[in-house]
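Q: If you count by mature numbering (1 follows the signal peptide of the UniProt record, and there is no 0), then the sequence shown holds residues -27 to -1, 1 to 608, one letter each, in order.
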Amino acid sequence: MPASPRRGARNGAVAALLLVVVLLAAGCTGTAAPASSGTAVDQPGDAGQSTAEACALVASTIADVGSGVSEQSDAQAAASALADASARLRDTQPQITNDAVAAAVVPLIELYASVGDAMTAMAAGDASKLDDLAGLSADMQGALGRFGEPHAYHGGTNRRGLPMSNESAHTPEPEYAWAPAEPPRARRRLGWWIGAPAVALAVVAVVAASLVLIAPGTAVAGVTVGGMTPGSAAAAITQRLAETTVDITTSAGTVSVTGADLGATVNATEIASSVFETRPAWNVTQWNGTPVAVNVTVDAAAVHKVLAAAAPDQNTEPTDASVGFDSASGAYTVTPAVAGSGLDATAVTAALVSAFTDGRSATTISGQRVPLSPAVTTDAATAVASNLNHVLSTAGFYVGEERTVPLDAATVASWLTVSDANGALTVTADRTGIQKAVDGLAAAVDTAPVNAKIITDLQGKQLGTENDGTNGRSIGDTTGIAAAFASQLGSATTSPDAGVYRLQVAETAFQTETVSRNIDVNLTTLTTTLYENGQVVASYPVSPGKPSTPTSTGNFRIYAHIALQDMGCTATSTYCTKNVPWVSYYNGDEALHGAYWHNEFGIRGVSHGCVNMRIPDAKFVYTWAPIGTQVSVHY
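(1) Grouping DSSP H, G and I as helix and E and B as strand, with all else coil, what is P147?
(2) Keeping to the same chain, check which residues put their C-beta closer than 7 Å to that of R475; ignore five residues upstream and five downstream.
(3) Give the list of continuous alpha helix (DSSP H) stretches no shorter than 4 residues that lie fully inside the segment 294 to 328.
(4) Would you identify the three-state DSSP class for T289, choosing helix, strand or coil?
(5) When you compare each of S489, V494, L496 and D493 to E505 by their alpha carbons, which one comes out closest?
(6) Do you know how far the Cα of V88 is from the Cα of C28?
(7) Between which two residues does the beta strand (DSSP E) harbouring H571 extend?
(8) Could you tell me the distance, in whole angstroms, from the CA atom of N395 to the CA atom of A348?
(9) With DSSP as the reference, please indicate the residues paired to V488 in a beta bridge.
(10) Indicate the three-state DSSP secondary structure (helix, strand or coil) for P344 in the structure shown.
(11) Tell me which residues share the same chain as W597 and place their Cβ nearer than 8 Å to its Cβ, disregarding the 5 neighbours each side in the sequence.
(12) In terms of residue numbering, what span does the alpha helix (DSSP H) encompassing D352 cover?
(13) Measure the C-alpha to C-alpha separation of Q603 and S512 and round it to an integer number of angstroms.
(14) Going by DSSP, which residues form a beta bridge with D220?
(15) Can you give me the C-alpha to C-alpha distance between T467 and D272, rounded to a whole angstrom?
(16) Run through DSSP, which three-state label would Y548 get?
(17) P344 and S314: beta carbons closer than 8 Å?
(18) Could you tell me if R333 is buried or exposed, where buried requires 16 or more neighbouring beta carbons within 10 angstroms of its beta carbon?
(19) Using C-beta distances below 6 Å, list every residue in its chain close to V269, excluding the 5 sequence neighbours before and after it, in chain order.
(20) Do I210 and A233 have their CB atoms nearer than 8 Å?
(21) How is T377 classed by DSSP in three states: helix, strand or coil?
(22) Buried or exposed: T24, going by 16 or more other Cβ atoms within 10 Å of its Cβ?
(23) Please state if the CB of A425 and the CB of T438 are separated by a distance shorter than 8 Å.
(24) Label N440 either buried or exposed according to how many other C-beta atoms from any shown protein chain fall within 10 Å of its C-beta, with 16 as the threshold for buried.
(25) In angstroms, rounded to a whole number, what distance separates the CA positions of A91 and V185?
(26) Let's test the definition: count the other Cβ atoms within 10 Å of the Cβ of R252 and tell me whether it reaches 16, buried, or not, exposed.
(27) Once you ignore the five residues that flank L499 on each side, which residues in its own chain have a CB closer than 8 Å to its CB?
(28) Per DSSP, which one or two residues make a beta bridge with R446?
(29) Taking buried to mean at least 16 other C-beta atoms within 10 Å of its own C-beta, is G433 buried or exposed?
(30) If I600 sits next to Y532, beta carbons under 8 Å apart, how far is it from one beta carbon to the other, in whole angstroms?
(31) If we ignore side chains and look at the alpha-carbon of each, how far apart do L30 and V79 end up?
(32) Taking only the alpha-carbon atoms, compute the straight-line gap between R161 and G21 and give it to the nearest angstrom.
(33) Could you check how far apart the C-beta atoms of Q287 and T222 are, in whole angstroms? I think they sit under 8 Å.
(34) State the CB to CB distance for the pair D293 and A310, rounded to an integer number of angstroms; the pair is presumed to be in contact (CB under 8 Å).
(35) Taking the alpha carbon of A254 as the reference point, which residue from S546, A354 and P203 has its own alpha carbon closest?
(36) Once DSSP output is grouped into helix, strand and coil, what is the label at R530?
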């Protein structure tokens, strides 16, 4: 994957840092700096090693290691290369017997190690190690400032415990005495190298710092963050916003609130990281850029509470509209909302943001009272009451679309509690109260199946259906219904159908039965017998036609039913009987029917040809025998 522009730019800065370190080490060439007079020549050091020889040995080590260091573009990889360089120089150190060069190599080894430590820390986002480089610069400057002084580094160790010379630490100090003056010797000098460590280390520190700091002259809103790490910048932004103060003048005096009081926040960590990514210190084109705008987040409700507490004399709280059940009307009614007034929270928030953006620690505004709207308006409460009243009118336990167990309004209202929760009306339902209704569901819901019955004649021809059949149903286990209904009713403020609870039931299918029916009228025994599938269902005493108007014999079928009618009662009739009930015609004007005007049933025939029956018996025949039922009349 190709490196991102941001990563490539940082890698370039890392490479620049490493190049400074490598060039610093390469400064030992063994070439003496010109003396004030005379010609400079390499002087033999201890053990016969000249400065040139010692520098050549250092140079060969640096040349071998330096290329590896300078090729690194990642901070952690560079740190590893520097550690290797330090180790290689330490291994070479015993071969350097020239006192002056040996003394200079000691801080050089420490330079590699310390810069490596700093690079490792920077790779982890910690810039604190840069301070160590400044101390190391002073140590190395002091050491190399004495370069060329014979026996100046006898014995002892540096801060890392490195030996300061190859000679014994017990080498006696030189003895000083008066002696004839001698011509001055040309001193061994590496003067140009003496100043290099301080300069180079300063460059190292600057370049290293540029990798972890924000560009100078950078401001976030009104907070200067240039030269800071992202973490420090985030802390500075957060602190400044928290401490920014708004002084509000009122008729009763001045009230002061801070960003912290008002709960003002910004995403300081994200902002600081973004600023560091786009405006790093190493990119000089981003120095002294325009301020970075930010979004300040403030909770308006929290601001109002703070202002109300800080200036209670300036505040009159609004009253929310409410909803309650009126038992007299059996419906929910609304108590209207009442507006209040208080300090303008919007103006206070704007003043805080303006001061923070402009870099001012405080600002003053004139406090103005503005109307404060209730959180629950009358319109909102009216909508809730409308939904609740619809819930009351439809509440019940349903099987399909059937409202199998209706619930009355007062009962449902007793389960519900309407509350004002942070400016919104909510409903909670009493599970215990609902459970009492659930306990009676089985008795109200469970039914046995009702079988269908098809009626035929003796030949099997269908005459009708006594009933179509109905499946049975069972509610079974009711565990959990109360809790589920309570949860459903909790949405009653917004869902008008929250009172419709649909039950899950198990059904038992009905069976279908086919039966044949026929009627037998025996004029000898004066009886009418009903048969179903050849079995006697009922047998009734009857009164057929009298001898002068006998009942006709033969096989007939019922062709008409009339529940109540007048018989005779015409201009040509010889009789008139009013309101004859339960008439089943089977042969012309002959019928089975009820008779209320005599009690000769089973005794003798007294009719005009019809078969008279007791009224209950005639009604049963009327409902039991469909059109087409066969009727046999015989002696």
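In this text, a Cβ means the ideal position worked out from N, Cα and C, and glycines have one as well.
A: Let me lay it out:
(1) At P147, the pLDDT of 38 sits below 50, so the modelled position is not reliable and the matter cannot be decided from this model.
(2) Same-chain partners within the cutoff: Y371.
(3) The alpha helix (DSSP H) runs lying completely inside the segment 294 to 328 and spanning 4 residues or more number zero.
(4) DSSP, reduced to helix, strand and coil, places T289 within a strand of the structure shown.
(5) Nearest neighbour of E505 by Cα position, chosen from S489, V494, L496 and D493, turns out to be S489.
(6) A straight-line Cα-Cα distance of about 22 Å links C28 and V88.
(7) Counting along the chain, H571 falls outside any beta strand (DSSP E), and DSSP gives it neither H nor E.
(8) A direct Cα-Cα distance of roughly 8 Å separates N395 from A348.
(9) Paired residue(s): I428.
(10) In the structure shown, P344 adopts extended strand secondary structure according to DSSP, grouped into three states.
(11) The answer, listed in chain order, is R490, L503 and V510.
(12) Per DSSP, D352 belongs to the alpha helix (DSSP H) from T351 to T367.
(13) S512 has its alpha-carbon roughly 16 Å from the corresponding atom of Q603.
(14) In the DSSP assignment, the residues bridged to D220 are S229 and T337.
(15) Taking the straight line joining both Cα atoms gives about 26 Å.
(16) Here Y548 sits in coil by DSSP.
(17) By the CB criterion at 8 Å, P344 and S314 fall inside the cutoff.
(18) Classification for R333: exposed.
(19) The answer, listed in chain order, is A237, V239 and V326.
(20) Contact flag unset, no.
(21) The answer is strand: DSSP assigns T377 an E or B state.
(22) The residue is buried, with at least 16 neighbouring Cβ atoms inside 10 Å.
(23) Yes, the Cβ-Cβ distance between T438 and A425 is below 8 Å.
(24) Burial call: exposed.
(25) Between the alpha carbons of A91 and V185 lies a gap of roughly 11 Å.
(26) When all chains shown are included, R252 counts as buried.
(27) Closer than 8 Å at the Cβ level, and outside the excluded window around L499, lie P514, V515, S516, P517, F574, G575, I576, R577 and G578.
(28) R446 pairs with T420 and E480.
(29) Answer is exposed; the Cβ neighbour count stays below 16.
(30) The pair is a contact, with the Cβ atoms about 6 Å apart (cut-off 8 Å).
(31) Roughly 14 Å separates the two Cα atoms.
(32) Low confidence applies to R161: its pLDDT is 45, below 50, so where it sits in the model is not reliable, and the reading given next is rough at best. Going by the C-alpha atoms only, they are around 15 Å apart.
(33) In this structure Q287 does not touch T222 by the C-beta definition: roughly 11 Å separates them, more than the 8 Å allowed.
(34) At roughly 6 Å, the Cβ-Cβ gap stays under 8 Å, so D293 and A310 are in contact.
(35) The candidate whose alpha carbon is nearest that of A254 is P203.
(36) If DSSP states are grouped into helix, strand and coil, R530 belongs with the strands.
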